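Just so you know, the sequence shown maps onto residues 0 to 325 in numbering that gives the first Met the number 0.
Think of the CB as a built atom: it goes at the ideal place given N, C-alpha and C, for glycine as much as any other residue.
In this text the structure is predicted, and so the values were computed from the model without any measurement.
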Amino acid sequence: MAAPVDNYGRPIRYLRLAVTDRCNLRCQYCMPAEGIDFRPRSELLTYEELLRLCRIFTELGIDKIRITGGEPFLRKDIDQFLLQLRQLPLLQKLTITTNGVFTARFLPQLADVLDGINLSLDTLQPEKFERITRRQGFAKVMETFHTALELNIPLKLNVVVLEGINTDELPDFVALAAQYPIHVRFIEQMPFDGKQGATAIQWTADRIRQHLHHIVPALHPVATEADATAELFTAPGWRGAVGVIAGFSRTFCHSCSRIRLTPVGVLKTCLYDQGVDNLRDRLRAGATDEAIKQVILHHIGRRFRDGYEAERFALPVVQSMATIGG
Ligand code: SAM
Ligand code: SF4
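Structure, rendered in structure tokens:
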């Protein structure tokens, strides 16, 4: 089925669905130490509501869904939800983003359900893991890493590049991309830490790219899908690739195919907007599937040109990525 097209001619085929705002970690760039103002459970979309909305999105031609959070594996019965979601006849691709702490034991059962896993890992050093996340769990994340590889689940690592914290480890992450058939993606830090929000960053995509070429002069670009957010590079003899994601510089907005739904049902047509509608409220007020479809299409037809425009119209409230889903 053809994907709906927005007011700038961009096909929208990808939904990022945050199923919870709760998390077992407190990554410094995502949440304050004391956590965020978690919403009462009654405000979160139920699995029944999530399934209904996902079916509606797929019936509109949005055929790729990424489950995120908060930490998705913290939500009870997430495995059952994923199995049910996979049954949607129009869904082409189902992926998940996880911090990996609770993930490994679910993977054997999910190997045929998931088309890929994005594993977030910002350091390869156990003590530094604790400093960045303010929690323990490094060994469990590595277990998830190796289990996913053993099960042949396509694996991408998400590494947020943090000045003075993990930039010394870039060569070690690059070595992983050479050794394993994975994508190691270096992400610009974005202003969603739930507290002050960075307004400038030292490690821009340009600087990361230059640094990667400095580490491996033989790097060359890899072709990606038209709506990819990561620029990918590989080198002779490598099994994997490295990537750069300009989430702060926002250089990929012209081809953005993504919309988002927060754990409380807020529809976002841009990562940087403040939310354009609340689909949960509409569902709970008795809206029909057709009415929900019209609302979604209405907002797809009124998207911001890019993340800068969206940010200008947003309230001056610093969001946490845990409520947006990344
Ligand atoms: N808890 C899961 C995890 O960490 O993978 C899923 C949710 S997390 C919000 C999704 C992604 O957003 C992670 O890869 C995380 O590193 C990234 N992220 C969170 N805050 C960020 C920020 N301020 N800038 C850039 N990426 C961020
Ligand atoms: Fe939790 Fe993921 Fe945010 Fe870290 S980045 S605090 S793991 S939601």
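Residue from the options with nearest C-alpha to residue i
| i | options | result |
| --- | --- | --- |
| residue 341 | 188, 55, 205 and 276 | No answer is possible for residue 341: it lies beyond the span of the chain, which begins at 0 and ends at 325. |
| residue 191 | 217, 273 and 241 | 273 |
| residue 204 | 194, 6 and 246 | 246 |
| residue 145 | 175, 73 and 160 | 175 |
| residue 196 | 142, 58, 318 and 69 | 318 |
| residue 100 | 136, 129 and 112 | 136 |
| residue 238 | 252, 282, 258 and 183 | 183 |
| residue 77 | 63, 57, 62 and 49 | 49 |
| residue 275 | 283, 313 and 243 | 313 |
| residue 42 | 289, 202, 280 and 259 | 280 |
| residue 95 | 19, 31 and 211 | 19 |
| residue 166 | 194, 138 and 122 | 122 |
| residue 282 | 265, 152, 38 and 62 | 265 |
| residue 250 | 305, 152, 172 and 194 | 305 |
| residue 201 | 159, 298 and 102 | 159 |
| residue 5 | 163, 59 and 21 | 59 |
| residue 208 | 65, 243, 194 and 23 | 243 |
| residue 297 | 284, 126 and 267 | 267 |
| residue 152 | 186, 185, 108 and 164 | 108 |
Helix, strand or coil at residue i [DSSP, three-state]
| i | result |
| --- | --- |
| residue 304 | coil |
| residue 154 | strand |
| residue 109 | helix |
| residue 93 | strand |
| residue 259 | strand |
| residue 170 | helix |
| residue 41 | helix |
| residue 125 | helix |
| residue 61 | coil |
| residue 4 | strand |
| residue 101 | coil |
| residue 254 | helix |
| residue 26 | coil |
| residue 208 | helix |
| residue 271 | coil |
| residue 75 | coil |
| residue 114 | coil |
| residue 215 | coil |
| residue 249 | coil |
| residue 201 | coil |
| residue 287 | coil |
| residue 313 | coil |
Paired residues, beta bridge with residue i - DSSP
| i | result |
| --- | --- |
| residue 67 | 17 |
| residue 329 | The chain is shown only over 0 to 325; residue 329 falls outside these bounds and no answer can be derived. |
| residue 119 | 157 |
| residue 220 | 232 |
| residue 276 | 266 |
| residue 192 | 319 |
| residue 330 | Residue 330 lies beyond the residue range present for the chain, which begins at 0 and ends at 325; the question has no answer from this structure. |
| residue 182 | 155 and 240 |
| residue 10 | 4 |
Cβ distance (whole Å) where residue i is taken to contact residue j below 8 Å
| i | j | result |
| --- | --- | --- |
| residue 262 | residue 17 | 5 Å |
| residue 106 | residue 150 | 6 Å |
| residue 53 | residue 82 | Contact flag wrong, Cβ pair sits at about 13 Å. |
| residue 7 | residue 302 | 7 Å |
| residue 147 | residue 154 | 5 Å |
| residue 255 | residue 309 | The Cβ separation is near 11 Å, so there is no contact. |
| residue 91 | residue 63 | 6 Å |
Buried or exposed (CB count within 10 angstroms, at least 16 for buried), residue i
| i | result |
| --- | --- |
| residue 75 | exposed |
| residue 88 | exposed |
| residue 45 | exposed |
| residue 217 | exposed |
| residue 271 | buried |
| residue 27 | buried |
| residue 316 | exposed |
| residue 3 | buried |
| residue 36 | exposed |
| residue 225 | exposed |
| residue 70 | buried |
| residue 229 | buried |
| residue 193 | buried |
| residue 320 | buried |
| residue 307 | exposed |
| residue 21 | buried |
| residue 68 | buried |
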